[in-house]
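Top line first, the protein sequences correspond to chains A and B. Per the numbering used here, the first sequence starts with residue 14, numbered consecutively. Per the numbering used here, the second sequence starts with residue 225, numbered consecutively. Yeah, the Cβ is synthetic: ideal placement off N, Cα and C, and Gly gets one too.
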Amino acid sequence: EPEVTQTPSHQVTQMGQEVILRCVPISNHLYFYWYRQILGQKVEFLVSFYNNEISEKSEIFDDQFSVERPDGSNFTLKIRSTKLEDSAMYFCASCYGSWTDTQYFGPGTRLTVL
Amino acid sequence: KQEVTQIPAALSVPEGENLVLNCSFTDSAIYNLQWFRQDPGKGLTSLLLIQSSQREQTSGRLNASLDKSSGRSTLYIAASQPGDSATYLCAVSSQDQAGTALIFGKGTTLSVSS
Numbered sequence: 014e015p016e017v018t019q020t021p022s023h024q025v026t027q028m029g030q031e032v033i034l035r036c037v038p039i040s041n042h043l044y045f046y047w048y049r050q051i052l053g054q055k056v057e058f059l060v061s062f063y064n065n066e067i068s069e070k071s072e073i074f075d076d077q078f079s080v081e082r083p084d085g086s087n088f089t090l091k092i093r094s095t096k097l098e099d100s101a102m103y104f105c106a107s108c109y110g111s112w113t114d115t116q117y118f119g120p121g122t123r124l125t126v127l
Numbered sequence: 225k226q227e228v229t230q231i232p233a234a235l236s237v238p239e240g241e242n243l244v245l246n247c248s249f250t251d252s253a254i255y256n257l258q259w260f261r262q263d264p265g266k267g268l269t270s271l272l273l274i275q276s277s278q279r280e281q282t283s284g285r286l287n288a289s290l291d292k293s294s295g296r297s298t299l300y301i302a303a304s305q306p307g308d309s310a311t312y313l314c315a316v317s318s319q320d321q322a323g324t325a326l327i328f329g330k331g332t333t334l335s336v337s338s
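Here it is in structure tokens:
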């Protein structure tokens with residue numbers, strides 16, 4: 014069964030460093046998402062991406078964040094200058110359609126900022 | 225602004241018991257509602273998707289209902305098993321947004337003892 018994959022599973026970085034989190038969505042899906050979950054808190058939406066552009070973003074997704082689909086398979090989230098409060102589990106998700114379709118989530122990348 | 229609440233926060237039951245998990249949302253203008261399962265330190269597994277026009281969906285021992293007008297959904301688990309132990313998350317795709325971002329509740333952590 015097709016699944017969303019994410020790499021790395023765990024990333025440790027120093028405050029102020031740039032990190033890139035990678036995702037491979039399900040191949041025929043058209044909508045891509047990043048969410049994050051700070052330990053003990055709700056899963057929060059960051060950004061959605063469709064047709065090679067951002068379609069929606071939350072207040073969390075400020076100028077420190079960017080997303081890119083560099084080729085036909087990868088979808089990346091870049092954090093330019095990490096802060097301690099960026100420590101969280103980051104989930105990538107994809108779906109084929111839009112409002113009517115199931116979003117499928119990857120296993121997550123645990124980001125630890127020291 | 226859409227808010228999702230899940231009650232109870234935690235639930236412990238003996239194996240074989242039927243149980244109900246509750247989810248409520250503040251704005252009835254939703255596109256759909258999804259139930260997910262999350263195992264500790266893992267990603268989200270989609271269990272059921274209910275469209276806004278539907279009343280319920282079933283998958284195996286799981287049955288989810290939706291009462292959009294009252295802003296409520298329930299997840300019914302029949303004949304619970306220790307393997308059902310996990311956190312169950314409810315999420316809605318809300319019409320007050322431009323896109324399809326999911327808004328999550330904090331989850332109900334279920335423990336099924338053998």
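Run through DSSP, which three-state label would residue i get?
i: B/P238; result: strand
i: A/L97; result: helix
i: B/I231; result: strand
i: A/Y109; result: coil
i: A/L127; result: coil
What residue from the options has the CA that sits closest to residue i's CA?
i: A/F62; options: A/F88, A/E31, A/N41, A/H23; result: A/F88
i: A/T115; options: A/S22, A/Y44, A/M28; result: A/Y44
i: A/E72; options: A/E66, A/L59, A/N65, A/N64; result: A/L59
i: B/K330; options: B/S338, B/L245, B/G307; result: B/L245
i: B/C247; options: B/S297, B/R285, B/S236, B/Q258; result: B/S297
i: A/Y117; options: A/V126, A/N41, A/V25; result: A/N41
i: B/L286; options: B/Q278, B/L299, B/R279; result: B/L299
i: B/L268; options: B/Q278, B/L235, B/T311; result: B/T311
i: A/S111; options: A/N64, A/D75, A/T122; result: A/N64
Give a single yes or no on whether residue i has its beta carbon closer than 8 angstroms to a heavy atom of the ligand NAP.
i: A/R82; result: With respect to the ligand NAP, the structure offers nothing, as it holds no ligand at all.
Assign residue i to buried or exposed, taking buried as 16 or more other Cβ atoms, counted over all protein chains shown, within 10 Å of its Cβ.
i: B/V336; result: buried
i: B/S317; result: buried
i: A/S107; result: buried
i: B/E239; result: exposed
i: B/K292; result: buried
i: A/V80; result: buried
i: A/P83; result: exposed
i: B/A325; result: buried
i: A/D99; result: buried
i: A/M28; result: exposed
i: A/E14; result: exposed
i: A/G85; result: exposed
i: B/R261; result: buried
i: A/P120; result: buried
i: B/G284; result: exposed
i: A/V17; result: buried
i: A/V25; result: exposed
i: B/Q258; result: buried
i: A/T125; result: exposed
i: B/A288; result: buried
Quick one: residues in its chain with C-beta nearer than 7 angstroms to the C-beta of residue i, no 5 flanking neighbours on either side, listed in chain order?
i: B/E241; result: S304
i: A/R35; result: Q19, T20, N87, T89
i: B/T282; result: none
i: B/I254; result: S276, K292, V316, S317, S318, Q319
i: A/I51; result: A101
i: A/R93; result: E31, Q77
Could you name the residues of the same chain whose beta carbon sits closer than 8 angstroms to that of residue i, not counting the 5 residues immediately before and after it, in chain order?
i: B/N256; result: L273, I274, Q275, S276, V316, S317
i: A/R49; result: V56, E57, L59, I73, A101, M102, Y103, F104
i: A/I67; result: V60, S61, V80
i: B/E339; result: Chain B is shown only over 225 to 338; residue 339 of chain B falls outside these bounds and no answer can be derived.
Between which residues of its own chain and residue i is the CB-CB distance below 6 angstroms, once the five residues before and five after are set aside?
i: A/I91; result: The displayed chain sequence assigns Lys, not Ile, to residue 91 of chain A. Here the set comprises I33, S79.
i: A/E69; result: S61
Which full runs of the beta strand (DSSP E) of 3+ residues lie inside the region 262-292 of chain B, going along the chain? 268-275, 280-283, 286-291
Give, in chain order, every unbroken run of the beta strand (DSSP E) that is at least 3 residues long and sits entirely within the region 26-68 of chain A. 32-37, 44-50, 56-63
Which full runs of the alpha helix (DSSP H) of 4+ residues lie inside the region 291-335 of chain B, going along the chain? none
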